[in-house]
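In this note's numbering, the protein residues as written are 14 to 116. For each residue, glycine too, the CB sits at the ideal point set by N, CA and C. Note that this is a predicted model, so its numbers are computed, not measured.
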């Protein structure tokens, strides 16, 4: 059974999530992409993109490939986003575990 909401369907672009989130960052590379709430540390789109690309290259160099699964065991930190998007950029699958959650 297919359920539909009251709003029209949204067409998804033919991109992976990392490409969709970062898009063409040239127009906003120096703007803030992430702010860590506790420390107020800011990460620009350029810094985020560079970190994602570096990690993706490292994962690939170590044999990570499309369809591989990576578990992220981390509280919500800016680095979480980097790992998540690097894995998706390579066509990998993320499974997430937050050690701060309790049953």
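Leaving out five residues before and five after residue i in sequence, what residues of the same chain have Cβ atoms less than 7 angstroms from its Cβ?
| i | result |
| --- | --- |
| residue 26 | 33 |
| residue 88 | 111, 112 and 113 |
Could you give the first and the last residue of the continuous alpha helix (DSSP H) run that contains residue i?
| i | result |
| --- | --- |
| residue 113 | First-last for residue 113: undefined, no H or E at that position. |
| residue 31 | 30-35 |
Let me check one thing: in DSSP terms, what residues is residue i bridge-paired to?
| i | result |
| --- | --- |
| residue 87 | Paired residue(s): none; residue 87 is not in a bridge. |
| residue 108 | 84 |
| residue 48 | 55 |
Only counting the same chain, and skipping five residues up and downstream in sequence, which positions put a Cβ closer than 8 angstroms to that of residue i?
| i | result |
| --- | --- |
| residue 65 | 31, 35, 95, 98, 99 and 102 |
| residue 108 | 82, 83, 84 and 85 |
Between which two residues does the beta strand (DSSP E) harbouring residue i extend?
| i | result |
| --- | --- |
| residue 55 | 55-57 |
Report yes if the C-beta distance between residue i and residue j is below 8 angstroms; otherwise report no.
| i | j | result |
| --- | --- | --- |
| residue 91 | residue 38 | no |
Please confirm whether residue i has its beta-carbon closer than 8 angstroms to some beta-carbon of chain B.
| i | result |
| --- | --- |
| residue 35 | Reference to chain B is not applicable here, since this structure consists of a single protein chain. |
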